[in-house]
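To convert, count from 1 in the sequence shown and add 282; that's the working numbering.
The structure appears right after this line, and notes come after that.
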Amino acid sequence: MSADTTPSAEGPVPELRERAVACAERLQSADRVLLASHIDADGLTSAAIAATALERAGIPFETVFAKQLDEREVARIAATDYDTVLFTDFGSGQLDLVAPYAADGAFTPVVADHHQPADVPAGIDEPAFHLNPLLFGLDGASELSGAGASYTLARALEPPERDNRDLAGLAVVGAIGDMQGTDGGLSGANQGIVEEGVAADVLEEATDLLVYGRQTRPLPKFLEYASDVRIPGITNDENGAIEFLSGLDLDLKDDGEWRRWVDLTMDERQTVVSGLLKRAMASGVPADRIDDLVGTTYTLTDESPGTELRDVSEFSTLLNATARYERADVGLAVCLGDREDALTRARKLLRNHRRNLSEGLQWVKNEGTTVEDNVQWFDAGTRIRETIVGIVAGMAVGASGVRGDIPILAFAEKSDEDVKVSARGSHGLVRKGLDLSRVMREASRAVGGDGGGHDVAAGATIPTGTQTEFVAEADRIVGEQLS
Ligand code: C5P
Ligand code: C5P
Ligand code: ZN
């Protein structure tokens with residue numbers, strides 16, 4: 283590793299680690315802690331990491347989840363009789379709301395997050411309880427996730443008799459769930475966590491086919507649904523996928539049942555990959571897209587082969603399937619090791635989540651987007667659940683009817699009064715100046731809502747009926763950023 287040139291490649295920068303130690307001290311002096319986290323894969327893994335670390339440190343705690351941290355939610359937390367509150371995977375975007383409570387002594391906060399921080403009101407010091415990679419020159423959308431920030435805190439909370447490196451696996455699930463990886467895998471402080479997980483024997487890093495479902499999908503479905511890189515005659519073509527596999531001169535069935543990727547030997551995998559690459563080239567798939575077929579994958583070595591939990595990407599989808607459907611308790615229990623009732627329940631939720639994603643995606647492709655000068659948008663109303671409309675928007679980018687070169691805004695109904703907006707961009711656009719976190723914050727505030735997030739992906743809540751005004755405002759700000 284060339285860790286000398288990039289300090290972050292070896293793990294968190296020293297300043298981040300120091301901040302983690304200061305935050306850990308606050309928690310260690312608490313009688314008990316309220317742990318509040320976000321309802322997605324990164325939020326669940328953040329909570330599981332923090333909960334395990336608190337437990338090992340002998341600090342009593344209770345865990346709660348919220349869809350978003352807004353004024354009402356912060357007030358609700360302040361009204362509990364907890365003196366110390368640990369926020370994970372949110373809190374930075376709401377520092378303006380949290381800091382005054384801290385200044386008043388209503389509660390002692392600790393925030394372990396990676397979202398763009400809000401400005402702290404004038405007269406209040408830059409908080410010492412704020413653990414966020416963005417404060418120390420790391421990118422919160424690609425170099426450290428909420429789970430990574432929580433992991434850094436967990437390492438600072440270690441009791442003398444043991445270390446917390448076994449929690450690195452969950453931190454990687456969180457980072458991948460937040461789409462922090464590229465085909466080259468994780469980078470920055472995330473890569474430092476990967477190395478700690480490998481050293482602790484909980485994680486394996488490999489170069490493999492970058493197709494979703496390596497652990498659980500029978501081979502034809504595995505290839506058929508591999509839509510990130512479209513291979514004509516195989517992608518979205520069940521018969522084509524079966525024909526391709528049957529033509530490989532391999533024994534890919536076991537007792538008449540198709541085997542899964544994980545069941546294949548290295549040699550067999552190699553044969554399939556070569557066949558796929560050949561087929562892709564012959565059908566004119568561009569070389570750089572073909573390269574995207576293979577990349578870095580992460581496996582949790584303590585989990586049973588052939589389960590969703592073995593592959594970090596499948597694990598993160600399983601978690602989204604719980605938390606985004608008001609069952610964060612189920613996902614948290616799975617993260618904490620329940621392989622009985624919670625896992626069974628999570629698998630059922632996963633089937634439902636998959637169906638919703640595929641129906642949502644189909645709807646967007648059919649409807650297409652409305653294109654403005656600098657952004658495109660669709661309004662799903664009640665057709666797509668507001669908690670997954672951002673995932674659907676991300677999946678739709680570049681599909682038929684949806685442009686890949688401008689940001690996408692996606693609306694879904696939240697309640698009679700409120701609409702959820704999700705925004706997704708690309709790293710290329712971010713390099714040109716796009717910062718969706720600012721776009722969502724400013725455009726939503728202009729119409730009486732609020733929002734935030736990351737430069738490449740952000741969200742907001744706005745009052746029902748203000749969509750048109752919001753789009754105009756967002757379109758204008760994006761135009762300014764990209765000019
Ligand atoms: O709240 P949080 O930070 O955990 O969520 C990050 C969101 O941003 C995820 O929904 C993730 O899919 C999205 N994202 C994205 N593209 C990226 C990075 C993140 O769509 N390159
Ligand atoms: O909800 P969605 O997946 O679109 O969120 C994208 C990113 O924006 C996430 O990191 C989320 O935490 C953030 N977000 C936010 N404030 C909101 C909505 C989303 O900071 N009101
Ligand atoms: Zn996150």
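Just so it is clear, CB atoms sit at the ideal spot from N, CA and C, and this is done for glycine as well.
Item: Just to confirm my understanding: we take residue 755, look at its own chain, exclude 5 residues before and 5 after, and list those with CB closer than 6 Å. What are they?; Value: 725 and 728
Item: Taking the alpha-carbon positions, what's the residue 478 to residue 533 distance?; Value: 38 Å
Item: Can the beta-carbon of residue 332 be found less than 8 Å from the beta-carbon of residue 432?; Value: yes
Item: Can you find a heavy atom of ligand 2 that lies under 7 Å from the Cβ of residue 736?; Value: yes
Item: My assumption, with CB atoms under 8 Å, is that residue 526 sits in contact with residue 505. Please give the rounded CB distance.; Value: 7 Å
Item: Could you check if residue 516 is buried or exposed, using at least 16 other CB atoms within 10 Å of its CB as the buried criterion?; Value: buried
Item: Could you tell me if residue 722 is buried or exposed, where buried requires 16 or more neighbouring beta carbons within 10 angstroms of its beta carbon?; Value: buried
Item: According to DSSP, which residues form a beta bridge with residue 487?; Value: 580
Item: Under 8 Å Cβ to Cβ from residue 289, same chain only, skipping five residues before and after it: list those, please.; Value: Low local confidence applies: a pLDDT of 42 at residue 289 is under 50, so the model's placement there is unreliable, and no value is given.
Item: For residue 254, report the span of its beta strand (DSSP E) as first-last.; Value: The requested residue 254 does not occur in the structure, where the chain is confined to residues 283 to 765.
Item: Ends of the beta strand (DSSP E) at residue 367?; Value: 366-370
Item: Using 8 Å as the threshold, is the C-beta distance between residue 322 and residue 602 below it?; Value: yes
Item: In whole angstroms, what separates the C-alpha of residue 747 from that of residue 501?; Value: 46 Å
Item: If the criterion is Cβ atoms closer than 8 Å, does the pair residue 624 and residue 615 meet it?; Value: yes
Item: Report the three-state DSSP secondary structure of residue 626 (helix, strand or coil).; Value: helix
Item: Hey, is residue 743 close to ligand 2, as in C-beta under 7 Å from one of its heavy atoms?; Value: yes
Item: Mind checking who residue 539 pairs with in its DSSP beta bridge?; Value: 536
Item: Any heavy atom of ligand 1 closer than 7 Å to the CB of residue 400?; Value: no
Item: Taking buried to mean at least 16 other C-beta atoms within 10 Å of its own C-beta, is residue 401 buried or exposed?; Value: exposed
Item: Do you know whose CA, among 369, 565 and 681, lies nearest residue 650's CA?; Value: 681
Item: Within 10 angstroms of its Cβ, does residue 592 collect 16 or more other Cβ (buried), or is it exposed?; Value: buried
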